[in-house]
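Heads up: the structure comes next, in C-alpha cells.
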Amino acid sequence: MGLQCCFGGTTIQTLKLASIPYMTCSTSSSLRSSAAISRRLTLFKTLSASLSRNSTHRFPFLIRALSSAAASAQPVADSTTIASADYSVVKPQWKAAIDFKSILENKSAVAANLKNRNSTANLELVIELYEKLLQLQKEVEELRYERNAVANKMKGKVEPLERQRLIEEGKNLKEKLFTLEEDLIKLTDSLQREAQCIPNMTHPDVPIGGEDSSIIRKTIGVPREFTFPIKDHVQLGKELDLFDFDAAAEVSGSKFYYLKNEAVLLEMGLINWTLSEVMKRGFTPLTTPEIARSLVVEKCGFQPRGDNTQVYSIEGSDQCLIGTAEIPVGGIHMDSILADSALPLKYVAFSHCFRTEAGAAGAATRGLYRVHQFSKVEMFILCRPEESNTYHQELIEIEEDLFSKLGLHFKTLDMGTGDLGAPAYRKFDIEAWMPGLDRYGEISSASNCTDYQSRRLGIRFRPENPTNPGNTKKGKARNLAPPEFVHTLNATACAVPRMIVCLLENYQQEDGTVIVPEPLRPFMGGIKLITHKSK
Numbered sequence: 028m029g030l031q032c033c034f035g036g037t038t039i040q041t042l043k044l045a046s047i048p049y050m051t052c053s054t055s056s057s058l059r060s061s062a063a064i065s066r067r068l069t070l071f072k073t074l075s076a077s078l079s080r081n082s083t084h085r086f087p088f089l090i091r092a093l094s095s096a097a098a099s100a101q102p103v104a105d106s107t108t109i110a111s112a113d114y115s116v117v118k119p120q121w122k123a124a125i126d127f128k129s130i131l132e133n134k135s136a137v138a139a140n141l142k143n144r145n146s147t148a149n150l151e152l153v154i155e156l157y158e159k160l161l162q163l164q165k166e167v168e169e170l171r172y173e174r175n176a177v178a179n180k181m182k183g184k185v186e187p188l189e190r191q192r193l194i195e196e197g198k199n200l201k202e203k204l205f206t207l208e209e210d211l212i213k214l215t216d217s218l219q220r221e222a223q224c225i226p227n228m229t230h231p232d233v234p235i236g237g238e239d240s241s242i243i244r245k246t247i248g249v250p251r252e253f254t255f256p257i258k259d260h261v262q263l264g265k266e267l268d269l270f271d272f273d274a275a276a277e278v279s280g281s282k283f284y285y286l287k288n289e290a291v292l293l294e295m296g297l298i299n300w301t302l303s304e305v306m307k308r309g310f311t312p313l314t315t316p317e318i319a320r321s322l323v324v325e326k327c328g329f330q331p332r333g334d335n336t337q338v339y340s341i342e343g344s345d346q347c348l349i350g351t352a353e354i355p356v357g358g359i360h361m362d363s364i365l366a367d368s369a370l371p372l373k374y375v376a377f378s379h380c381f382r383t384e385a386g387a388a389g390a391a392t393r394g395l396y397r398v399h400q401f402s403k404v405e406m407f408i409l410c411r412p413e414e415s416n417t418y419h420q421e422l423i424e425i426e427e428d429l430f431s432k433l434g435l436h437f438k439t440l441d442m443g444t445g446d447l448g449a450p451a452y453r454k455f456d457i458e459a460w461m462p463g464l465d466r467y468g469e470i471s472s473a474s475n476c477t478d479y480q481s482r483r484l485g486i487r488f489r490p491e492n493p494t495n496p497g498n499t500k501k502g503k504a505r506n507l508a509p510p511e512f513v514h515t516l517n518a519t520a521c522a523v524p525r526m527i528v529c530l531l532e533n534y535q536q537e538d539g540t541v542i543v544p545e546p547l548r549p550f551m552g553g554i555k556l557i558t559h560k561s562k
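Just so you know, we're using this note's numbering here: the sequence shown kicks off at 28 and counts up by one.
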C-alpha cells in the first residue's frame, strides 16, 4: 500500500463538491426519474385496488420490480433494505469470496490471529451467522424442490379440483419461498459485514506485538556526520525558496504546500528516475484515476467509514479521492479471470494521493513529513499464490536498491502483527535517517496481501496444465482447471515529500546549499547544486 502509517485509519471525511455542474445535472435527472416512477406506482396501486385480495398474487414480481426501480432512484445510506409501497425489498451489498469453510476448520488459528492483530472482529458471530445461513439455504432448496414438484404435477392431466388444490399449494409455496429468499439475502449481508472485518492471516515469521516489536531485517549505510549545525528541511526550504506553506494554508488549509524552483524539478526528477529504474525490472508504467468508487476502496481492504477519517469522500456520490494508487491499480482487473500465461502482472503507477491525516499533530508532522496531498510512485504485482513470497522479497529489494542509489541511510523492518493493515499477510517498512528531524522516518513499505484483496475484487486466474484433464474425445471439450484467486502485493517506490525531506536534510552543506544526488541530475536538467536565489 505504501506508507501504511499515513493511511492506517482508512475512513471517510466528507469533501463538499456539490456545486460541480455535472453532479447537479445528475441529481436533477434522478429526481425526474424518481417522480416518473412514483406516478407509475400510484397508477398501479389504483388499478390493483380494484382487484380481489387474492388476485394481487398474480403480479408479485411486477410490484417488486416497480418498487425496486423507485427505490433505486433514491439515495440510500447505510441500509440494505429499501422501503416500497407493498414490499420491503432487500438490496444486497457486494460480497467477498470469503473461505468460510477454512475459517470453521481453523477456528483456533483464526482466533489467535485476531488476538495478535488486536482485531475487534467477532469470530463467534461470524460462525453463528454462517451456520444459520447453511440451514436457511437448505430450507430454501427444499421449498424450491417442493415448488418444482407441484409444477410438474400440473403438466399432466389433472382433475379440476386437484388442479385448483395444486394452484393454491403452489401460491403458498411461492409466498414462503419469497420470504425465505429475502431472509437469505439479509442474512448473507449480515454475515458479509461481520466476516469482512476479519483481517488476513499472518505469515508465521511476523513478530507478535505492536510497532515496538518489529524486527530490523537489514541496515544500509551510516548516518552522515556533520561538522556544522544541522537545519531541518523546513528551514532549508525557506532559505532556498523551495516551499510556500503559508500561501497554501490560505488557499487550501493546513498541511498543504507549494513547491517552488528546484523543488519542482526535484519532484519531477524523483518521479521520472524512479519510473525508469522500476521499468527496467519489467514493470508496466501507469497513471491512474485519482477518484475511485467507495466500493473499490472497500474491496481493497479499506473501510471508508468512521470517525477517524483518512479518506476524503465526495459528497452526494459514491466516490472518494484515492489515498494510494494501490486502489485504482487493484481495480484494473476487478471481476476477471486472467490467463495463467499473463502472470505475473507488474505495474508501477504514478498518482497524486489524498489523506486527511486526522489526529496528526506535533513536531513529527512539520513541513512535508505529513501532508494532505502528495505525489507517489507505487508498485503493484498480481501473481500465482505460490510465488507471492518471492515477489515480496523482490519488491523490498527494489526499494532498498533505489534508496541505496540515492545514498540514504536506512533500515528495513519486519513489522509486528499489531502494525499490519487488515489486507497484509506480511509487511516490510523502510525507515530512513532524517538528520534535521533527528530521527528515522518511514519512507516506504511493501506488503504481501495474498488473496485478501483478490477475493474481494474478484480477480482470478485459470491454471494451465490441469491435473484432471477430463474427457478429450472428439466433440467433447477438455475439462478446464477451476479458477484460483491471484495474490496481490504492493510497495512504495517513491513517496515524493518524504524523499525531499531526506535529500534536503542529508545533502545540506555548511553554506546552506544542497547537493543534488548524482542519479537525479540527468532528470533535473543537469543541476548539481540547489543554491540561494539572488535578489
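Here a beta-carbon is modelled for each residue, glycine too, at the ideal position from N, C-alpha and C.
- Residue 356 is not a Cβ neighbour of residue 312, given a cutoff of 8 Å.
- Where residue 198 is concerned, the enclosing alpha helix (DSSP H) starts and stops at 187-222.
- About 7 Å separates the Cβ atoms of residue 556 and residue 543, confirming a contact at the 8 Å cut-off.
- Sequence-distant Cβ neighbours of residue 548 in its own chain, meaning closer than 7 Å and more than five residues away, are 554, 555.
- Nearest in C-alpha terms to residue 439, of all of 468, 229, 464, 261, is 468.
- The count of Cβ pairs closer than 8 Å, one atom from the region 463-477 and one from the region 426-441, reaches three, so the stretches are in contact.
- Taken atom to atom, the span from the alpha-carbon of residue 131 to that of residue 124 is near 15 Å.
- Taking a 10 Å sphere around the C-beta of residue 559, we find fewer than 16 other C-beta atoms and assign the residue as exposed.
- Per DSSP, the unbroken beta strand (DSSP E) holding residue 374 starts and ends at 372-381.
- The alpha-carbon of residue 447 is positioned some 39 Å away from that of residue 255.
- Between the beta-carbon of residue 346 and that of residue 382 there is about 16 Å, and that puts the pair past the 8 Å contact cut.
- Of 264, 251, 482, 513, the smallest CA-CA separation from residue 366 is found for 513.
- In this structure, the CA atom of residue 234 is about 17 Å from the CA atom of residue 476.
- In this structure, the alpha-carbon of residue 318 lies about 19 Å from that of residue 362.
- Sixteen is the threshold: since fewer than 16 other Cβ atoms of the shown chains lie within 10 Å of the Cβ of residue 128, the residue is exposed.
- Relative to the Cα of residue 253, the nearest Cα in the group 546, 450, 538, 550 belongs to 538.
- Counted as a single uninterrupted DSSP element, the alpha helix (DSSP H) harbouring residue 174 occupies residues 150-180.
- In terms of CA proximity to residue 474, 230 leads the group 230, 216, 134.
- With contacts defined by Cβ atoms closer than 8 Å, residue 268 and residue 287 form a contacting pair.
- Per the C-alpha coordinates, the member of 395, 141, 402, 481 positioned closest to residue 281 is 395.
- Per DSSP, the beta-bridge partners of residue 542 are 556.
- With respect to residue 170, residue 207 sits close: the two C-beta atoms are nearer than 8 Å.
- By DSSP's assignment, residue 133 forms no beta bridge with any residue.
- About 7 Å separates the Cβ atoms of residue 225 and residue 153, confirming a contact at the 8 Å cut-off.
- Per DSSP, reduced to three states, the secondary structure at residue 479 is helical.
- Here residue 145 has 445 as same chain residues with Cβ atoms under 7 Å from its own Cβ, once five neighbours each way along the sequence are excluded.
- Contact check for residue 398 against residue 284 passes: the beta carbons are separated by less than 8 Å.
- By the neighbour-count definition (other C-beta atoms within 10 Å, threshold 16), residue 481 is a buried residue.
- Counted as a single uninterrupted DSSP element, the stretch harbouring residue 529 is not any beta strand (DSSP E) but the alpha helix (DSSP H) occupying residues 523-533.
- For the pair residue 297 and residue 526, the CB atoms are nearer than the 8 Å cut-off.
- By the CB criterion at 8 Å, residue 479 and residue 227 fall inside the cutoff.
- Scanning the region 309-347 from its first residue to its last, the whole alpha helix (DSSP H) runs of 4-plus residues come out as 321-326.
- A direct Cα-Cα distance of roughly 23 Å separates residue 491 from residue 359.
- The C-alpha of residue 262 is placed about 12 Å away from the C-alpha of residue 541.
- Contact between residue 305 and residue 406 holds, since their C-beta atoms are separated by about 6 Å, short of 8 Å.
- Leaving aside the five residues that flank residue 214 on each side, the residues in its chain whose CB is nearer than 7 Å to its CB run, in chain order, 156, 159, 160, 163.
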